[in-house]
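In the working numbering, the protein residues as written are 126 to 250.
Please read the structure below before turning to the comments.
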């Protein structure tokens, strides 16, 4: 997957997560509204309405729970999958860079040892 396509996927996942957060807030607002209306219906002794509002609150609560648990986990898993896949592509280059830097450091160490050996051997006893 190209870098542009990866960015597009991550962007879409982020927008979906924002939409979920908006839906969660909407669900909270509905529950608050239903609870207020239920209280009014209870005062007016509208038993059928009270029961209906209980059903509505339960249904919205279930949707809210699904949003916050299932869908959120799925989005997070996709984001993590994308990050892992993107990182997996760069690991070989990182290892090669590390190997190259290690070899370079060993080479410099060998040069310093040679200089020290020459320096020691050229000193009069």
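Every residue gets a Cβ at the ideal spot worked out from N, C-alpha and C, and that includes glycine.
Legend entry - Nearest neighbour of residue 189, chosen from 146, 169, 237, 219 [CA to CA]: 146
Legend entry - Proximity of residue 148 and residue 200 at Cβ, strictly below 8 Å: No; because the gap between Cβ atoms is not below 8 Å, this pair is not in contact.
Inset, instruction - Taking 8 Å as the cut-off, decide whether the C-beta atoms of residue 179 and residue 163 are in contact. - result: Taking 8 Å as the cut-off, the beta carbon of residue 179 is found closer than this to the beta carbon of residue 163.
Inset, instruction - From the DSSP output, in three-state form, read off residue 151 for me. - result: helix
Inset, instruction - Kindly indicate which three-state DSSP category residue 193 falls into: helix, strand or coil? - result: helix
Inset, instruction - Would you kindly work out how many angstroms separate the C-alpha atoms of residue 170 and residue 183, rounded to a whole number? - result: The alpha-carbon atoms of residue 170 and residue 183 are separated by roughly 20 Å.
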